[in-house]
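Engineer: Residue numbers for the sequence shown follow the numbering used here, so the first one is 1046 and each next one is one higher. By construction, the Cβ of each residue, glycine as well, lies at the ideal position given by its N, Cα and C atoms.
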Amino acid sequence: MAYTNNNLAKCWIVANPLKQHTFFVTGSGHVFKKGTLTLSDANLQAEQEEIVDATTVLDQITEFYYTFSDDSKNTADNKGNEIKRNVGFSAQEIEKILPEAVMTDSDGLKYVNYEILTTFLVEGFKEQQKEIELLRKTLEEHGLLKPYK
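1. Alpha carbon to alpha carbon, what distance is there between Val1157 and Asp1150?
2. Taking its Cβ as the centre, do 16 or more other Cβ atoms sit within 10 Å of Phe1143, making it buried, or is it exposed?
3. Roughly how many whole angstroms lie between the Cα atoms of Gln1173 and Glu1145?
4. Going by DSSP, name the residue or residues bridged to Gly1133.
5. Measure the alpha-carbon distance for Lys1171 versus Gly1080 and round it to whole angstroms.
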């Protein structure tokens, strides 16, 4: 499938019976969709291992602003893009910390699976919440904080 490579061209992938397009890709590589579902049925999961110490994992990841380099002009993520400031992570760094969250394509380019990072964010939030509750309890016991209702 080929189409004009510019920011305005759209390649319609899926339309509902009302001819409303629910999934399309622009010439610049942006994907527009209504939502994403990921198979996560426990009946299909052979082994489950609880995530522990997620905050330590997350604390090792550096987030930053960036623009694409000149070397990226022909990659699928950057074709036709205007130079814009992006926000994200380094796939190479994440691969060292959390290899399950990185995929390498046949050209050696690396991609981050943000869904996996989201799972760690949820667990990290829960770990921090436990820490907050412990600190609150300690402060209450020492009369430094009124009991939480």
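Structural biologist: This is what the structure gives:
1. Locating residue 1150 in the sequence shown gives position 105, counting from the first residue. Locating residue 1157 in the sequence shown gives position 112, counting from the first residue. The straight-line gap from Cα to Cα measures roughly 11 Å.
2. The residue labelled residue 1143 in the question sits at position 98 within the sequence shown. Per the sequence presented here, residue 1143 reads as Leu, with Phe not at that position. Classification of Leu1143: buried, given that the 10 Å Cβ count is 16 or more.
3. On the sequence shown, position 128 is the one that residue 1173 refers to. On the sequence shown, position 100 is the one that residue 1145 refers to. Looking at the two C-alpha atoms, the distance is approximately 23 Å.
4. For this step, residue 1133 is matched to residue 88 along the sequence shown. According to DSSP, which records beta bridges pairwise, Gly1133 is partnered with Phe1109.
5. Translated into positions along the sequence shown, residue 1171 becomes position 126. Translated into positions along the sequence shown, residue 1080 becomes position 35. Whole-angstrom Cα-Cα distance: 25 Å.
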